[in-house]
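Trainee: Got a structure for you, written out below as structure tokens; questions coming shortly.
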Amino acid sequence: MTRVAQLRRDRRTGIALAILGAVAVALFPLFRPPLDGLTNDAILALSYVVMALGLNLVVGFAGLLDLGYVAFYAFGLMVTGWWASDFFSSVNDEKGIHVGTSDFVSNLPGIHLNLLLLIIGAIIICATAGVIIGLPTLRLRGDYIAIVTLAFGEIIGRVFANGDEITIFGDNKLSNGRQSISPIDQINLPVFGEFDSALDLRPYYWAVLALVLVVLFVNFRLRDSRLGRAWIALREDEVAAASMGVPLVKTKLLSYAAGGAFGGISGAFLGPFYASINANQFQFGFSIFILAMVILGGLGSIWGVVLGAVALGFLNHWFIPDVLDGEFVKDKLDSFGLEFSFTEVTFGVFGFLLVLMMVLRPEGLLPERRRQIELTHGEGPLDDPQAAVFEARV
Amino acid sequence: MREFLSQYGLIAILLILPVVYGIQDLSDDGNLNRLGNNLVEGLSNGAILALIALGYTLVYGIIELINFAHGEVFMLGSLSAAALYSTFGLTPNTGTAGLVLGLAAILALAMLASATLNVMIERVAYRPLRGAPKLAPLITAVGMSFILQNVGILWIGASQVAVPDLLGSQKHLIEIWGVTITRGHVLAIAVTIPLVLLLTSFVARSRLGKAMRATAQDPEAARLMGINVDTTISLTFLLGGLMAGAAGLISALYQTSIWYFQGFSAGLYAFTAAVMGGIGNIRGAVLGGVIIGVIQGISDNRIGNDWTPAIVFVYLVIIMVFRPQGLIGEETREAG
């Protein structure tokens, strides 16, 4: 068989499989009860996909190790706490401010905005925060960047965790401190109406799936854009990129801003889904959780990161608590006289994955093609026809 | 001019906390007793931090890696020390001679345990990645840190555990000008100073110390001169681990509680200290440790425990941005 025919055939089966997979992913909640644990886990996993894709822009594309990604998650969630609950209850003479809310919510005090506005707000705040966090790191390289971002993540987490001691705009608090802010308004979309996470999780699933599709599209377009190519050039060789005319400052800051914005989007979606947000969640461990997804899937590889996020999402919310700590394994362990809770050591598992991946397969499960070729084919593309094909494609 | 600003600007920023609260004390009480107590508290915190910071600075000096798991090496040192109390049958009622002998033995064992652990971490997680892109070992370091934290959880559980107060560390020894000095304060400083002196003279005088300095300057040239670079790097991790183990015992005696998470913040504070002093610089790490310890002492007492991490991290960012080479350090390759 000629190579062309084989390629065509591969492509056809590939497309068929992809369509089948897409249909299965889109329709799977219909075959589950409306309030289903698995659907719940899937919603969380998909929202992690959005965050991991955001972090991938910074770490994978631009090559800037960000250990404080939790900051953007925090801002995203706080946006919903501020602007989609009765947190600022004294606003507008306790009558509240309402934009695009359902009938039920529009009688409550506090600020209540529609999800779409929340997302826009989260994007603006997180992109600004990204630039502010990015600015001090411009002069630094490598591991110092990692530590400065980590410090920012911790500072922001601490400020929200102690936010009940800070007052803004008169006598309003910055956050509820270690107490949670609840209830957060349910999502209310035009055409689809108001969701209710207490009765039916499916609308949330489809909403986050749509969000993931949009984010994926944006990611692919960004990667192939002038900006995306500038990021990759920056990652490969900062000096060479600068001398070819890539503006370093602008490119780096845009990567922090874009990466942060996706974290904010995901947070703004998760707030209504959790229905209650708590500053205790804003821990360093969360940054590492998202980073592990990017590393597991493959730095810079969009599909790899999707795979990594889904895998770790399910590992964290389903496999460890429901399977390893489930009845079956518990009974087995009991019969050996062992008592062991896997949930307690979840983060140890993520740490182990990080070490394992970096030592054994640093390019990740689904490596980015450019990186794989670098790692396996050396530097000269001429002696390798595959590499030539690849260069032509990109 | 710029150099002048960055050096003295940093010193000025560091003096803000003590000066502001000193003035406040003078106007409130008419004396500086409260600030003095904060400073003493800070000095003994600083002694512990300095010992941990030495591990960061030694390792960074030689392979330019932030050994992120170092805080956890300290934590496990602390846990092993606490576990050894009962092995040696030490209780608060043990006589002085038995206590001194037992604690000396525990100090040696805890140091050894941490050192072994640190060397093993290097062997498993960092050595396979030598020559890999620079961020790779940092990521495995973060991974190791989480693994070790969970070892801590499996060992003593996820909550803070009280350990016997062997020395009566809160017991007042003397009071000078209204400043109380407790046994804990004396202990922290009395253990730290000889250890630091030993370490400095080892690095400065011994043959192996010379090999370390050579490797730090230029690993390739050191190898050509017949220095076994791998062994030298292992030795560096060993020394760092020894110091962390000692810090672990002091912390267990001084805080009289242990926690799987104690290494995380202590590690980051110590790293801040190492950068502040100029990373790769032993005297700098000690100076930085004392400064961060004092900041921590003042902040714990005046602003609140919950805010201390945020305040130390603000200092970390300020130092990283405006003076990445630290107070007395030389330009490192990082400080671009």
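Protein chains in written order, with the numbering used here: chain A, 18 to 411; chain B, 1223 to 1558.
Cβ atoms here follow ideal geometry from the backbone N, Cα and C, with glycine treated the same way.
Could you name the residues of the same chain whose beta carbon sits closer than 8 Å to that of residue 1643 (chain B), not counting the 5 residues immediately before and after it, in chain order?
Mentor: Only positions 1223 to 1558 of chain B appear in this structure, which leaves residue 1643 (chain B) out of reach.
Trainee: Given that residue 204 (chain A) touches chain B, what residues does it touch there, using C-beta distances under 8 Å?
Mentor: For the purposes of this step, residue 204 (chain A) is identified with residue 187 of the first sequence, where counting begins at 1. Correct list: empty, because the minimum Cβ distance to chain B is about 33 Å.
Trainee: Under a CB-based cut-off of 8 Å, is residue 305 (chain A) close to chain B?
Mentor: Looking up residue 305 (chain A) in the first sequence gives position 288. Taking Cβ atoms only, chain B reaches closer than 8 Å to residue 305 (chain A), which makes this a yes.
Trainee: Contact between the stretch 341-361 of chain A and the stretch 1328-1343 of chain B is defined here as three or more beta-carbon pairs at a separation below 8 Å; is this criterion met?
Mentor: Verdict: no, contact absent.
Trainee: Which of the three DSSP states, helix, strand or coil, is assigned to residue 398 (chain A)?
Mentor: The sequence position of residue 398 (chain A) within the first sequence is 381, counting from 1. Annotation note: pLDDT 43 at residue 398 (chain A) (below 50); position unreliable, no value reported.
Trainee: Taking the beta strand (DSSP E) that residue 334 (chain A) belongs to, which residues open and close that run?
Mentor: What you label residue 334 (chain A) is simply residue 317 of the first sequence in a count that begins at 1. Counting along the chain, residue 334 (chain A) falls outside any beta strand (DSSP E), and DSSP gives it neither H nor E.
Trainee: Quick one: does residue 1528 (chain B) have its CB under 8 Å from some CB of chain A?
Mentor: In the second sequence, counting from the first residue as 1, residue 1528 (chain B) sits at position 306. Closer than 8 Å to some Cβ of chain A, the Cβ of residue 1528 (chain B) qualifies, so yes.
Trainee: For a minimum of 3 consecutive residues, which ranges assigned as the beta strand (DSSP E) are wholly contained in the stretch 1381-1416 of chain B?
Mentor: 1394-1398 and 1401-1404, all fully within the stretch 1381-1416 of chain B.
Trainee: Would you mind listing the beta strand (DSSP E) stretches within the stretch 97-178 of chain A that are 3+ residues and don't spill past its ends, in chain order?
Mentor: Complete beta strand (DSSP E) runs here, min 3: 114-116 and 128-130.
Trainee: Considering only DSSP beta bridges, list what residue 190 (chain A) is partnered with.
Mentor: Mapped onto the first sequence, residue 190 (chain A) falls at position 173. DSSP lists A:184 as partners of residue 190 (chain A).
Trainee: Confirm, please, whether the CB-CB distance from residue 172 (chain A) to residue 1535 (chain B) is below 8 Å.
Mentor: In the second sequence, the residue the question calls residue 1535 (chain B) occupies position 313. In the first sequence, the residue the question calls residue 172 (chain A) occupies position 155. Yes, Cβ-Cβ distance for residue 1535 (chain B) and residue 172 (chain A) is below 8 Å.
Trainee: Please state whether DSSP places residue 205 (chain A) in a helix, a strand or coil.
Mentor: Residue numbering aside, residue 205 (chain A) sits at position 188 when the first sequence is read from its first letter. DSSP places residue 205 (chain A) in strand when its eight states are reduced to three.
Trainee: Give me the Cβ distance between residue 1194 (chain B) and residue 1466 (chain B), rounded to the nearest whole Å; I'm assuming they're in contact under 8 Å.
Mentor: This structure gives no information on residue 1194 (chain B), because the portion of chain B shown stretches from 1223 to 1558.
Trainee: Taking only the alpha-carbon atoms, compute the straight-line gap between residue 317 (chain A) and residue 251 (chain A) and give it to the nearest angstrom.
Mentor: Residue numbering aside, residue 317 (chain A) sits at position 300 when the first sequence is read from its first letter. Residue numbering aside, residue 251 (chain A) sits at position 234 when the first sequence is read from its first letter. Taking the straight line from one Cα to the other gives about 13 Å.
Trainee: Decide if residue 1332 (chain B) is buried, meaning its Cβ has at least 16 other Cβ atoms within 10 Å, or exposed.
Mentor: Numbered from its first residue, the second sequence carries residue 1332 (chain B) at position 110. Per the 10 Å Cβ criterion, buried.
Trainee: Taking 8 Å as the cut-off, does the stretch 82-89 of chain A touch the stretch 235-252 of chain A (at least 3 CB pairs, one atom from each stretch)?
Mentor: No: the two stretches stay apart, fewer than three of their Cβ pairs being nearer than 8 Å.
Trainee: Counting pairs of beta carbons, one from the stretch 1471-1479 of chain B and one from the stretch 1262-1275 of chain B, are three or more of them closer than 8 Å?
Mentor: Yes, since at least three Cβ pairs between the stretch 1471-1479 of chain B and the stretch 1262-1275 of chain B fall closer than 8 Å, the two stretches touch.
Trainee: Mind checking residue 1557 (chain B): buried by the 16 CB within 10 Å criterion, or exposed?
Mentor: As a first step, residue 1557 (chain B) must be located in the second sequence, where it is residue number 335. Any reading at residue 1557 (chain B) must be qualified, since the residue scores a pLDDT of 32, below 50, and its modelled position is unreliable; no value is offered.
Trainee: Does DSSP classify residue 406 (chain A) as helix, strand or coil?
Mentor: For the purposes of this step, residue 406 (chain A) is identified with residue 389 of the first sequence, where counting begins at 1. Residue confidence for residue 406 (chain A) is low, a pLDDT of 43 falling below 50, so the modelled location carries little weight; the figure read from the coordinates is stated next. Correct three-state label for residue 406 (chain A): helix.
Trainee: Residues of chain B with a CB under 7 Å from the CB of residue 356 (chain A): which are they?
Mentor: Taking the first sequence and counting its residues from 1, one reaches residue 356 (chain A) at position 339. By Cβ distance, chain B contributes nothing, its closest Cβ being about 12 Å from residue 356 (chain A), past 7 Å.
Trainee: What three-state label does DSSP hand residue 211 (chain A) in the structure shown?
Mentor: The sequence position of residue 211 (chain A) within the first sequence is 194, counting from 1. Residue 211 (chain A): strand per DSSP, three-state reduction.
Trainee: Identify every residue that forms a DSSP beta bridge with residue 1479 (chain B).
Mentor: For the purposes of this step, residue 1479 (chain B) is identified with residue 257 of the second sequence, where counting begins at 1. Paired residue(s): B:1384.
Trainee: With distance defined between alpha-carbon atoms, name the residue in A:282, A:324, A:375 and A:303 nearest to residue 132 (chain A).
Mentor: The count along the first sequence starts at 1 and reaches residue 132 (chain A) at position 115. Measuring from the Cα of residue 132 (chain A), the nearest candidate turns out to be A:282.
Trainee: Please state whether the Cβ-Cβ distance between residue 320 (chain A) and residue 239 (chain A) is less than 8 Å.
Mentor: Along the first sequence, one-based indexing puts residue 320 (chain A) at 303. Along the first sequence, one-based indexing puts residue 239 (chain A) at 222. No; because the gap between Cβ atoms is not below 8 Å, this pair is not in contact.
Trainee: Note down, in chain order, each residue of its chain lying with its Cβ closer than 7 Å to the Cβ of residue 31 (chain A), except the 5 sequence neighbours on either side.
Mentor: Against the first sequence, residue 31 (chain A) aligns to sequence position 14. Answer for residue 31 (chain A): no residue qualifies.
Trainee: For residue 38 (chain A) and residue 243 (chain A), I'd like the C-alpha separation in whole angstroms.
Mentor: Taking the first sequence and counting its residues from 1, one reaches residue 38 (chain A) at position 21. Taking the first sequence and counting its residues from 1, one reaches residue 243 (chain A) at position 226. For residue 38 (chain A) and residue 243 (chain A), the distance between alpha carbons rounds to 32 Å.
Trainee: In angstroms with no decimal places, state the Cα-to-Cα distance between residue 1319 (chain B) and residue 1492 (chain B).
Mentor: For the purposes of this step, residue 1319 (chain B) is identified with residue 97 of the second sequence, where counting begins at 1. For the purposes of this step, residue 1492 (chain B) is identified with residue 270 of the second sequence, where counting begins at 1. Going by the C-alpha atoms only, they are around 33 Å apart.
Trainee: Please specify which runs of the alpha helix (DSSP H), each continuous and at least 4 residues long, are wholly inside the stretch 1423-1459 of chain B, giving them in chain order.
Mentor: Runs found: 1429-1439 and 1441-1446.
Trainee: Quick one: does residue 396 (chain A) have its CB under 8 Å from some CB of chain B?
Mentor: Here residue 396 (chain A) corresponds to residue number 379 of the first sequence, with the count starting at 1. At residue 396 (chain A), the pLDDT of 48 sits below 50, so the modelled position is not reliable; the number obtained from the coordinates is stated separately. Not one chain B Cβ lies under 8 Å of residue 396 (chain A).
Trainee: Residues of chain B with a CB under 7 Å from the CB of residue 386 (chain A): which are they?
Mentor: Here residue 386 (chain A) corresponds to residue number 369 of the first sequence, with the count starting at 1. The contacting residues do not exist; residue 386 (chain A) stays about 18 Å from chain B at best.
Trainee: The alpha helix (DSSP H) spanning residue 303 (chain A) covers which residue range?
Mentor: One-based indexing of the first sequence puts residue 303 (chain A) at position 286. Here the alpha helix (DSSP H) through residue 303 (chain A) covers 301-314.
Trainee: Cα-Cα, which of B:1378, B:1355 and B:1363 is closest to residue 1347 (chain B)?
Mentor: Counting from 1 along the second sequence, the entry for residue 1347 (chain B) is found at position 125. Ranking B:1378, B:1355 and B:1363 by Cα distance to residue 1347 (chain B) puts B:1363 first.
Trainee: Tell me whether residue 1367 (chain B) is buried or exposed, calling it buried when 16 or more other Cβ atoms sit within 10 Å of its Cβ.
Mentor: Here the question's residue 1367 (chain B) lines up with position 145 in the second sequence. Residue 1367 (chain B) is buried by the Cβ-count criterion.
Trainee: Counting Cβ pairs, one atom from each stretch, are 3 or more of them under 8 Å apart for the stretch 1391-1400 of chain B and the stretch 1322-1330 of chain B?
Mentor: The stretch 1391-1400 of chain B, when compared against the stretch 1322-1330 of chain B, does not touch it at the 8 Å Cβ threshold.
Trainee: Beta-carbon of residue 171 (chain A) versus every beta-carbon of chain B: anything under 8 Å?
Mentor: As a first step, residue 171 (chain A) must be located in the first sequence, where it is residue number 154. Yes, its Cβ sits closer than 8 Å to a Cβ of chain B.
Trainee: Relative to chain A, which residues along the stretch 1342-1361 of chain B have a C-beta separation below 9 Å, given in chain order?
Mentor: Those would be 1346, 1347, 1350, 1351, 1354, 1355, 1356, 1357, 1358, 1359, 1360 and 1361, in chain order.
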